[in-house]
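There are 2 protein chains.
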Amino acid sequence: MSGDGTADGGGHGSSHGSGHGTGHGRGPGSGLSRPTVSRLPGYLRALAALARAGTVRVSSTDLARHTGVSPAVLRRDLSSLGQLGRRGVGYPVAALQQAISRALGLVEDQPVVLVGAGHLGSALAGYTGFGERGMRVCAVLDADPGLAGQRRGSVVVRPLEELEGSVAESEARLAIMAVPAGVAQSVADRLVAAGIRGLLNFAPVDLVVPRGVTVRAVDLSTELQILAFHQAELRQ
Amino acid sequence: MSGDGTADGGGHGSSHGSGHGTGHGRGPGSGLSRPTVSRLPGYLRALAALARAGTVRVSSTDLARHTGVSPAVLRRDLSSLGQLGRRGVGYPVAALQQAISRALGLVEDQPVVLVGAGHLGSALAGYTGFGERGMRVCAVLDADPGLAGQRRGSVVVRPLEELEGSVAESEARLAIMAVPAGVAQSVADRLVAAGIRGLLNFAPVDLVVPRGVTVRAVDLSTELQILAFHQAELRQ
DNA sequence: TAGATTGTTAATCGATTAACAATC
DNA sequence: TAGATTGTTAATCGATTAACAATC
């Protein structure tokens with residue numbers, strides 16, 4: 001699920017969402033609207049599949065089909081990144097991948113700290129999709145001392161006390177929280193104090209963070225409830 | 001992440017999103033807008049916390065603070081469910097919980113089929129949040145015969161061949177997919193053919209489903225990429 | 001009564017859509 | 001040239017916001 005919620009503008013303290021874009025407005029720096037930003041990763045995913053298949057050029061109609069948006073939305077999104085296509089021809093796949101990656105600020109080997117080594121944390125630590133997109137889980141922390149020393153993915157679980165040290169030495173700016181709801185806020189506070197600027201939160205809690213810190217929330221129950229709504233609606 | 005994407009109206013075949021609301025429009029049945037539906041679960045969560053704390057009445061300003069939306073949005077959302085508050089007084093917590101649950105079509109003990117018993121599937125099977133919200137994982141299936149018979153949460157893993165039978169006997173209409181990208185579409189096809197009408201997809205693939213079936217996508221890489229964008233934007 | 005708070009209206013804002021001129 | 005496809009404009013649509021009358 002995608003949530004969203006940026007503790008940037010208006011003044012409401014906490015962040016909330018499920019990957020969907022709540023609210024309007026543009027980020028301060030770039031000229032990309034929030035909906036556009038939320039769609040770019042999907043384009044990147046479809047482009048990677050095309051590149052693997054050896055496709056070098058793609059039209060907005062084709063790419064739109066692969067990403068579930070309309071061709072008009074796709075062209076508008078891409079044109080906001082610059083003049084990437086050629087009329088009558090289409091878009092070059094490789095150049096498009098590069099342009100989107102640059103627009104998203106994806107840098108090679110971005111370190112990410114993961115807090116929580118339970119089932120969910122373990123799943124996240126072993127998720128290969130991060131590596132393919134330039135992200136690397138550089139540390140896994142857990143409050144349970146019994147887990148310290150165990151492997152998760154390619155890293156070894158460390159005790160929670162080493163949170164600040166892990167953030168400092170890796171210079172990570174992004175963190176993933178797969179911890180129980182009860183400790184989520186305090187973990188978030190520590191992460192932010194240590195220098196983290198983006199949080200992906202799986203705990204069913206609305207985190208309160210200072211301005212300048214972005215929270216995206218993934219709440220599994222919320223997702224299922226929205227799904228249940230659509231399903232119930234169809235029954236009527 | 002909340003994704004969204006309903007294969008209802010417009011015509012673009014696949015669904016895409018991450019819990020965020022892409023697109024506009026209202027569901028066919030109720031008079032609830034998509035953004036409203038996506039916010040209701042958050043209200044329910046905040047209300048549950050208030051109820052646990054013994055609060056019986058809450059104002060839109062207070063509840064808004066707990067959910068990260070503006071009071072105006074909250075009042076508008078709630079008024080679309082009916083006249084639930086009293087001017088000068090506020091909203092009764094218990095009645096609000098009931099009204100939102102009813103609006104979301106939450107019924108007691110809604111069965112959900114889970115496909116995939118890896119780390120992520122195990123985390124989902126053990127997630128207690130579902131039970132608290134009237135959902136129950138009634139079956140866990142996995143293609144790996146070695147996992148059959150093992151416990152996940154309170155149910156026993158069954159071989160993938162029993163997918164159709166599991167859906168039929170449980171009469172489930174919702175399913176969660178925690179399977180590899182390569183098999184996601186074929187699993188989705190089988191689930192839909194068996195009668196599933198709502199899919200929560202964790203595989204990084206845009207599923208193509210018939211109209212009348214809702215897909216919500218949770219793509220962890222997408223979430224992190226959006227987070228990276230916000231973080232990079234702040235650096236400029 | 002006076003203060004508080006909802007429900008709703010009107011205004012603003014932003015995103016999507018459709019259409020098409022520009023251009024390969 | 002003729003066909004195809006982008007980039008962009010104008011129109012439509014829907015959501016948010018602010019303000020306030022109704023009402024407890």
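Each protein sequence line maps, in turn, to chains R and W. Mapping to the numbering used here: the first sequence position 15 is 15, numbers consecutive. Mapping to the numbering used here: the second sequence position 86 is 86, numbers consecutive. From the three backbone atoms N, C-alpha and C, an ideal C-beta is built for every residue, glycine too. The structure presented is a predicted model; accordingly, all values stated were derived computationally and were not measured.
Exposed is the label assigned to V89/R, since fewer than 16 other Cβ atoms lie within 10 Å of its Cβ. For the stretch 222-234 of chain W, the set of positions with a beta-carbon nearer than 8 Å to some beta-carbon of chain R reads T222, E223, L224, Q225, I226, L227, A228, F229, H230, Q231, A232, E233, L234 in chain order. Under the DSSP definition of a beta bridge, L114/W partners with V140/W, I176/W. Listed along chain W, the residues sitting closer than 9 Å to D206/R by beta-carbon distance are G42, R45, A46, H66, T67, G68.
Per DSSP, the unbroken beta strand (DSSP E) holding A217/W starts and ends at 214-217. Judged by pairs of C-beta atoms under 8 Å, the stretch 225-234 of chain W does not touch the stretch 204-213 of chain W, as fewer than three such pairs exist. In terms of Cβ geometry, G165/W and V156/W do not form a close pair [threshold 8 Å].
Boundaries cannot be given for G105/W, as no alpha helix (DSSP H) includes it and DSSP labels it neither H nor E. Comparing C-alpha distances from T55/R to each of A217/R, V107/R, A94/R, A181/R shows the shortest one belongs to A94/R. G42/R and V179/W have their C-alpha atoms some 19 Å from each other.
The continuous alpha helix (DSSP H) containing P71/W extends over residues 71-79. Neighbours of L200/W in chain R, taken as residues at a C-beta separation under 7 Å, are given in chain order as E223, L224, L227. About 11 Å separates the beta carbons of Q97/R and L63/R, which is beyond the 8 Å limit, so they are not a contact pair. Listed in chain order, the non-local C-beta contacts of G153/W below 7 Å within the same chain comprise A125, G126, V137, local neighbours out to five positions each way being set aside. The beta carbon of L147/W lies closer than 7 Å to those of A117, V157 in the same chain, with the five residues before and after it left out. For R133/R, at least one C-beta of chain W is nearer than 8 Å to its own C-beta. Considering only beta carbons, the part of the stretch 169-200 of chain W lying closer than 7 Å to chain R consists of R173, L174, R197, G198, L200, in chain order. In chain order, D77, S80 place their CB closer than 7 Å to the CB of T36/W, counting only its own chain and leaving out the 5 sequence neighbours on each side.
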